[in-house]
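Asks:
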Amino acid sequence: MPIDHDQEDAEQVAIAARVVLGLVRSLVEHPGSVEMKALPFLLLEAAEERHRQGDYGAERMLCDWADVLRDWEG
12 MPIDHDQEDA
22 EQVAIAARVV
32 LGLVRSLVEH
42 PGSVEMKALP
52 FLLLEAAEER
62 HRQGDYGAER
72 MLCDWADVLR
82 DWEG
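Start counting at 1 in the sequence shown, then tack on 11, and there's your number in our numbering.
1) Helix, strand or coil for E46? Go by DSSP, reduced to three states.
2) Just how far apart, CA to CA, sit Y67 and D82?
3) What is the residue span of the alpha helix (DSSP H) that D78 lies within?
4) To the nearest angstrom, how far is the alpha carbon of E70 from that of G43?
5) Comparing C-alpha positions only, which one of L54, Q18, D17, A21 sits nearest to V35?
6) Please report the straight-line C-alpha distance between K48 and Q18, rounded to a whole angstrom.
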């Protein structure tokens, strides 16, 4: 059976989105628990875990989003 790359990409986006939404939920439930400057590092930690799980697309997205957050600080 051939690999459906569109389906695989959609799954990777969904995985990355769940990570970010989980982080947002935690921040809403516990305001002030994480400083803005720490957010990129949390995303990079999550990216490392996605890499260990073989979710390389999600890993890339989380790393890219961490870069965006760092740029916002700069």
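Yeah, the Cβ is synthetic: ideal placement off N, Cα and C, and Gly gets one too.
Replies: Inspection of the coordinates gives the following:
1) coil
2) 23 angstroms
3) 67 to 84
4) 26 angstroms
5) L54
6) 34 angstroms
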